[in-house]
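S.K.: Protein chains in written order, with the numbering used here: chain V, 764 to 1026; chain D, 3 to 263. For every residue, glycine included, the Cβ atom is placed at its ideal position computed from N, Cα and C. Below: one structure in structure tokens.
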Amino acid sequence: MDKYIEMIRVRFLMMLAYRTNYYTGILIYGINIGAYYFLWTAIYGGKEEIQGVSVVQMTTYVAISWMARAFYFNNLDREMAQEIMEGKVAVELIRPYNYLGMKTMQGLGEGIFRLFFFSLPGLLIVYFIFPIQFSWDLSVWSLFALSILLSFFINTQLNLLTGITTFFLYNNAGLIRAKRVIIDLFSGLLLPISFFPGWVQSIMKFLPFQGISYVPSMIFTKGFTQQEAWAAIGQQFIWVIILIIPIQLLWYLAKKQMVIQGG
Amino acid sequence: MFYVSMFFQYISQYAKTRLQYRADLFVEFFSDLMSQAINLIFILVVFGHTDKLGGWSRDEIIFIYGFFLVPYAVFSAFFNIWNFNDRYIVKGELDRILTRPIHSLFQIILEGIELESLLGAITGIAVMVYAGSRLGLAISWYDPFLFILFVIGGALVYGGIFVMLACISFWADAKTSIMPMMYNISNYGRYPVNIYNKLIRFVLTWILPFAFVGVYPASFFLGKNEWFWYAFLTPVIGIVFFCLSVILWNYGVKKYRGAGN
Chain V
764 MDKYIEMIRV RFLMMLAYRT NYYTGILIYG INIGAYYFLW TAIYGGKEEI QGVSVVQMTT
824 YVAISWMARA FYFNNLDREM AQEIMEGKVA VELIRPYNYL GMKTMQGLGE GIFRLFFFSL
884 PGLLIVYFIF PIQFSWDLSV WSLFALSILL SFFINTQLNL LTGITTFFLY NNAGLIRAKR
944 VIIDLFSGLL LPISFFPGWV QSIMKFLPFQ GISYVPSMIF TKGFTQQEAW AAIGQQFIWV
1004 IILIIPIQLL WYLAKKQMVI QGG
Chain D
3 MFYVSMFFQY ISQYAKTRLQ YRADLFVEFF SDLMSQAINL IFILVVFGHT DKLGGWSRDE
63 IIFIYGFFLV PYAVFSAFFN IWNFNDRYIV KGELDRILTR PIHSLFQIIL EGIELESLLG
123 AITGIAVMVY AGSRLGLAIS WYDPFLFILF VIGGALVYGG IFVMLACISF WADAKTSIMP
183 MMYNISNYGR YPVNIYNKLI RFVLTWILPF AFVGVYPASF FLGKNEWFWY AFLTPVIGIV
243 FFCLSVILWN YGVKKYRGAG N
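Structure, rendered in structure tokens:
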């Protein structure tokens, strides 16, 4: 276990060394939030609320989902694809740790770094620019914290799955891009799931994506009651467990038929 | 003439490398289509809850988006310079380019060519036809010519801005994340500029003229008289920005001292 915690620390320090890169990152997220802020105010026009969500709630939703994204987002799929294509994965596999577990921990180190050096200052800046409403209710914050941790796991598991497909496809830049686009839309990052037509929502219930962004953001904006929040968190947890199965299966198959392309 | 034959040689080489990983090429087509569809889905879902966006109807917004896809496809097929800093400056590949008797920017553009992106233009035209027919737009004999002119103008606006950004690498060889930032700003141009505040509108028109890639030229075909003047400015802005970027590039190449081995 120690070595995994060490891995979180190392990745955290590594990110810290390149922190200047992140100041521009905050600007990028700010711009994104700004674009959606204007778009949503135009969409609302004079309307008080749409689907029970007011314009202030919507702005908060957009802001918080981008800031949460900084925590759960990582490029593990791309890193894995790179390591597999360059043949580095061969060395990784002989090392005395679980490769997938190690990748997850690296992602977590990255996420924790971004949470403190990116999301927190970013949120503060955004708070002063846009009309956002924060809840200072401690129970909301703790549910939110629990929820984004689970978001991180679901998103990371999907990344690992995409990364493993490199073993079978050899070059999967297209798949990685497709996955990212799908997650952006169906996770509720761009717009709340409750805005979709009913039949889409009912399909979404059976997919893991809404556990990535929609659930934590709804908890934060108080779109969920306490009870709904717990149910949603329970669902997130179930997805984390279910997703282990295809990962282990594909990983087993991948190791059996691995082709090292170079190295 | 020499440049034309070089162009076709690069393309044939390019086709060979791409066809090596066919499964991925297919997935890439699919993922491009997905990302275009997702913006469309966003528009459709949003208009499920409102009738007008800053005075523009659903089909008009869809039309603007369809138009935007065409110059954007041309841009991403020919100006793939996202990794210019990494690939050419940090790894020193630019030294190889500079020893050859063709203009350096032309070579870099050829090496990064990604013809499959042109598929986006077909999607874009399909979207425009769909939205246009719902709006009952009539096509005059000069519309196709103006369309081509505006598309080239829009692609040059994009190309000019991103070449200028790539030029930053000549002076600062550290990695910057300014390109993804610009990409995000470019998304503003897909929606009618009148929904933004004055400052952003000014920036999108004169400083980072992304509005000339989407809303301005598209509004001409939508018959929005108040924007006509801007629509016809599209090719001018495109040429001005692209020329500026080439001048900056030439100047930057002179300053370039080499970083890799």
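For the stretch 950-986 of chain V, list the alpha helix (DSSP H) runs that are entirely contained and at least 4 residues long, ordered along the chain.
M.R.: 961-967 and 977-983
S.K.: Please report how far the alpha carbon of V:Q820 lies from the alpha carbon of V:Q998, in whole angstroms.
M.R.: As a first step, residue 820 of chain V is located in the first sequence; it is residue number 57 there, counting from the start. As a first step, residue 998 of chain V is located in the first sequence; it is residue number 235 there, counting from the start. Between V:Q820 and V:Q998, the C-alpha separation is close to 24 Å.
S.K.: By the 10 Å Cβ neighbour count, where 16 or more other Cβ atoms means buried, how is V:T929 classified, buried or exposed?
M.R.: Numbered from its first residue, the first sequence carries residue 929 of chain V at position 166. Label assigned to V:T929: buried.
S.K.: Our contact map puts D:L151 next to D:F65 with C-beta atoms below 8 Å; I'd like the distance itself, whole angstroms only.
M.R.: Numbered from 1 along the second sequence, position 149 holds the residue referred to as residue 151 of chain D. Numbered from 1 along the second sequence, position 63 holds the residue referred to as residue 65 of chain D. Between D:F65 and D:L151 the Cβ distance is about 18 Å, and since that is not below 8 Å, they are no contact.
S.K.: May I ask you to report which of helix, strand or coil DSSP gives V:I813?
M.R.: In the first sequence, counting from the first residue as 1, residue 813 of chain V sits at position 50. V:I813 falls in the strand class under three-state DSSP.
S.K.: From the beta carbon of V:T925, is the nearest beta carbon of chain D less than 8 Å away?
M.R.: Here residue 925 of chain V is taken as the residue at index 162 of the first sequence, counted from 1. Chain D contact via Cβ: absent.
S.K.: Starting from D:D145, follow the alpha helix (DSSP H) in both directions and report where the run begins and ends.
M.R.: Here the question's residue 145 of chain D lines up with position 143 in the second sequence. D145 to W173 is the span of the alpha helix (DSSP H), which, as asked, contains D:D145.
S.K.: Give me whichever residues DSSP pairs with D:W58 in a beta bridge.
M.R.: Walking along the second sequence from the start, residue 58 of chain D turns up at place 56. DSSP output for D:W58 lists D:L55 as bridge partner(s).
S.K.: Measuring CB to CB, does V:G872 end up less than 8 Å from V:I771?
M.R.: To locate residue 872 of chain V, count along the first sequence from 1; it is residue 109. To locate residue 771 of chain V, count along the first sequence from 1; it is residue 8. Against a cut-off of 8 Å, the Cβ pair of V:I771 and V:G872 comes out as a contact.
S.K.: In chain D, which residues lie less than 9 Å from V:R940 when you measure between Cβ atoms?
M.R.: One-based indexing of the first sequence puts residue 940 of chain V at position 177. Result: V29, E30, S33, D34, M36 and S37.
S.K.: Give me the residue from D:N186, D:F31 and D:G240 with the minimum Cα distance to V:A941.
M.R.: By one-based count along the first sequence, residue 941 of chain V stands at place 178. For the residues D:N186, D:F31 and D:G240, the minimum Cα distance to V:A941 belongs to D:F31.
S.K.: Report yes or no: is there a C-beta of chain D within less than 8 Å of the C-beta of V:P960?
M.R.: Within the first sequence, the letter at position 197 stands for residue 960 of chain V. True, the Cβ-Cβ gap to chain D drops below 8 Å.
S.K.: As an exercise, report each continuous beta strand (DSSP E) stretch of at least 3 residues that is fully enclosed by the stretch 83-116 of chain D, in chain order.
M.R.: none
S.K.: Under a three-way DSSP split, which group does D:V215 fall into?
M.R.: Translated into the one-based positions of the second sequence, residue 215 of chain D becomes position 213. D:V215 falls in the coil class under three-state DSSP.
S.K.: Just how far apart, CA to CA, sit V:M778 and D:Y190?
M.R.: Here residue 778 of chain V refers to the residue found at position 15 of the first sequence. Here residue 190 of chain D refers to the residue found at position 188 of the second sequence. Cα to Cα, the separation comes out at about 30 Å.
S.K.: When you compare only the Cα positions, how much space is there between D:R60 and D:L46?
M.R.: For the purposes of this step, residue 60 of chain D is taken as residue 58 along the second sequence, with counting starting at 1. For the purposes of this step, residue 46 of chain D is taken as residue 44 along the second sequence, with counting starting at 1. If I take the Cα positions, the gap works out to 8 Å.
S.K.: With 16 other CB atoms within 10 Å as the buried threshold, where does D:G50 fall?
M.R.: Mapped onto the second sequence, residue 50 of chain D falls at position 48. D:G50 comes out exposed.
S.K.: Leaving out five residues on either side along the sequence, give the residues of the same chain with a beta carbon under 6 Å from the beta carbon of V:L906.
M.R.: Locating residue 906 of chain V in the first sequence gives position 143, where the first residue counts as 1. Excluding its 5 nearest sequence neighbours in each direction, V:L906 has C-beta neighbours in its own chain below 6 Å: I982 and A992, listed in chain order.
S.K.: Could you check whether the Cβ of D:N186 sits closer than 8 Å to any Cβ belonging to chain V?
M.R.: Here residue 186 of chain D corresponds to residue number 184 of the second sequence, with the count starting at 1. True, the Cβ-Cβ gap to chain V drops below 8 Å.
S.K.: What's the C-alpha gap between D:Q109 and V:M967?
M.R.: As a working mapping, residue 109 of chain D is identified with position 107 in the second sequence. As a working mapping, residue 967 of chain V is identified with position 204 in the first sequence. Distance between the alpha carbons of D:Q109 and V:M967 is about 46 Å.
S.K.: Mind checking V:I768: buried by the 16 CB within 10 Å criterion, or exposed?
M.R.: As a working note, residue 768 of chain V is residue 5 in the first sequence. Exposed.
S.K.: Helix or strand or just coil, what does DSSP make of V:T822?
M.R.: By one-based count along the first sequence, residue 822 of chain V stands at place 59. In this structure, V:T822 counts as helix in the three-state DSSP scheme.
S.K.: How far does the alpha helix (DSSP H) with V:R858 in it extend, from its first residue to its last?
M.R.: Walking along the first sequence from the start, residue 858 of chain V turns up at place 95. No alpha helix (DSSP H) contains V:R858, which DSSP labels as neither H nor E.
S.K.: Can you tell me which of the three DSSP states V:R832 falls into?
M.R.: Taking the first residue of the first sequence as 1, we reach residue 832 of chain V at position 69. In the structure shown, V:R832 sits in a helix (DSSP, three-state: H, G or I).
S.K.: If you check the beta carbons only, do V:Y835 and V:S910 fall under 8 Å apart?
M.R.: As a working mapping, residue 835 of chain V is identified with position 72 in the first sequence. As a working mapping, residue 910 of chain V is identified with position 147 in the first sequence. Going by C-beta atoms, V:Y835 is not nearer than 8 Å to V:S910.
S.K.: Are any of the Cβ atoms in chain V nearer than 8 Å to that of D:T207?
M.R.: If you number the second sequence from 1, residue 207 of chain D lands on position 205. For D:T207, the answer is no, since every Cβ of chain V falls outside 8 Å of its Cβ.
S.K.: Mind checking the stretch 38-65 of chain D against chain V and listing, in chain order, the residues whose C-beta falls within less than 8 Å of any C-beta there?
M.R.: I40, I43, F44, V47, V48, G50, H51, T52, K54, L55 and G56
S.K.: Against chain V, does D:Y67 count as a neighbour if the rule is that its beta carbon must be under 8 Å from one of theirs?
M.R.: Position 65 of the second sequence, counted from the start, is the residue given in the question as residue 67 of chain D. No, D:Y67 does not count as interfacial toward chain V.
S.K.: Using CA atoms only, rank isn't needed, just tell me which of V:Q920, V:S882, V:R774 and V:I813 is closest to V:I1008.
M.R.: Position 245 of the first sequence holds residue 1008 of chain V. Checked all of V:Q920, V:S882, V:R774 and V:I813; the closest Cα to V:I1008 is V:Q920.
S.K.: Return helix, strand or coil for V:Q1020, following the three-state DSSP convention.
M.R.: The residue labelled residue 1020 of chain V in the question sits at position 257 within the first sequence. DSSP places V:Q1020 outside both helix and strand once states are collapsed to three, so it counts as coil.
S.K.: Roughly how many angstroms separate the alpha carbons of V:G1026 and D:K93, rounded to a whole number?
M.R.: Reading the first sequence from its first residue, position 263 is the one you call residue 1026 of chain V. Reading the second sequence from its first residue, position 91 is the one you call residue 93 of chain D. Confidence at V:G1026 is low in this model, with a pLDDT of 48, below 50, so its placement is unreliable and the value that follows should be read with caution. Between V:G1026 and D:K93, the C-alpha separation is close to 19 Å.
S.K.: What's the call for V:M843, buried or exposed, on a 16-neighbour Cβ count within 10 Å?
M.R.: For the purposes of this step, residue 843 of chain V is identified with residue 80 of the first sequence, where counting begins at 1. Looking at its Cβ environment, which holds 16 or more other Cβ atoms inside 10 Å, V:M843 is buried.
S.K.: Just reading off the alpha helix (DSSP H) that D:P237 is part of, what are its end residues?
M.R.: Taking the first residue of the second sequence as 1, we reach residue 237 of chain D at position 235. D:P237 -> alpha helix (DSSP H) spans F230 to K257.
S.K.: Closer than 8 Å is the cut-off here; do at least three beta carbon pairs connect the stretch 191-204 of chain D with the stretch 163-171 of chain D?
M.R.: no
S.K.: Considering D:M184, what are the terminal residues of the alpha helix (DSSP H) in which it resides?
M.R.: Taking the second sequence and counting its residues from 1, one reaches residue 184 of chain D at position 182. Run containing D:M184: I180 to S188, per the alpha helix (DSSP H) assignment.
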